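Numbering (mature numbering (1 follows the signal peptide of the UniProt record, and there is no 0)), first residue to last: -26 to -1, 1 to 166.
Data block below; observations after.
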Amino acid sequence: MKKKFINVVQMSFMAIAVLTALTFTACSSDDDTEGGNNGSMVSVKHAATGIIDTYKVISADYTDYTASLAPSNEICLNAVLKENEDAISWYEFQFIATQYQETENGTVKDFTGFKNLKEGSRLIISSRRLFFFIGGSMSDEETYGASNPHGEVIVKGINGNNLTLELKDFSFTNYGAKAETIINATIQYAPN
């Protein structure tokens, strides 16, 4: 009897551990849903060279962790960008926000859920889980995270569960290249 009870407790603990691990996996999606971007373009300037590349948004999604099984005060946003739909490689752009600045009075608040955001709110981007990397490439050099986020990420619209963000001179330092990257775009994110 005691052995059966211990096995039940162990199995319950393992199930909870698996659910928790699934909750904290990277907030990206492998499906290619458009997310309403309909050909939205992203301008990426590499400050070290002055070169500006343009990419098409293939998919964009977000995960609101305040509504997860193991809640935390953050929203994670992920976008897949390609030079064109037939390109073999792509860029993945991922960031999280744990705070936002209110529209009315500029007060900074902790992120407490997607439904609390308003048009004009400015997300405050964390260096934690900030990535801009190339996928489908053999180069490890391009798979580093990034730090030192600057610029503006503004809520341009909320339509149901879709969130449209405008990135204005959103810049960060890529760990691998140790060079600044600057992004300008308007991207619509759908829930993951």
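Glycine included, each C-beta is placed from N, C-alpha and C at the ideal position.
Quantities reported herein were computed from a predicted structural model and do not represent experimental measurements.
Any idea if R102 is buried or exposed, counting beta-carbon neighbours within 10 angstroms, 16 or more meaning buried?
-> exposed
Cut-off 8 Å between Cβ atoms - residues of its own chain near S95, not counting five sequence neighbours on either side | Y74, Q75, E76, T77, I128 and V129
Just to check, is the beta-carbon of H124 closer than 7 Å to a non-hydrogen atom of the ligand COA?
-> Although the ligand COA was asked about, the structure shown includes no ligands whatsoever.
Under a three-way DSSP split, which group does T40 fall into?
-> helix
Please list, in chain order, all residues of the same chain as K92 whose beta carbon is under 6 Å from its beta carbon, the five residues on each side excluded.
-> T77
Mind checking which residues open and close the beta strand (DSSP E) that includes E66?
-> W64 to Q75
Measure the C-alpha to C-alpha separation of residue 193 and A22 and round it to an integer number of angstroms.
-> Residue coverage of the chain in this structure runs from -26 to 166, which leaves residue 193 outside it and unanswerable.
Are the CB atoms of W64 and L55 nearer to each other than 8 Å?
-> yes
Which residue's Cα is closest to the Cα of T138: T155, K152 and P165?
-> P165
Taking C-beta to C-beta, are Y36 and E48 nearer than 8 Å?
-> no
Would you decide whether V31 is buried or exposed? Buried here means 16 or more other CB atoms lie within 10 Å of its CB.
-> buried
Beta-carbon proximity list for I99, same chain, < 7 Å, skipping 5 on both sides = F69, A71, P123 and V127
Kindly indicate which three-state DSSP category K89 falls into: helix, strand or coil?
-> helix
Nearest residue (CA-CA) to I108, options A44, L43 and A53 = A53
I157, buried or exposed, once every other Cβ within 10 Å from all chains shown has been counted against 16 = buried
Unbroken beta strand (DSSP E) run spanning L137, endpoints | N136 to N148
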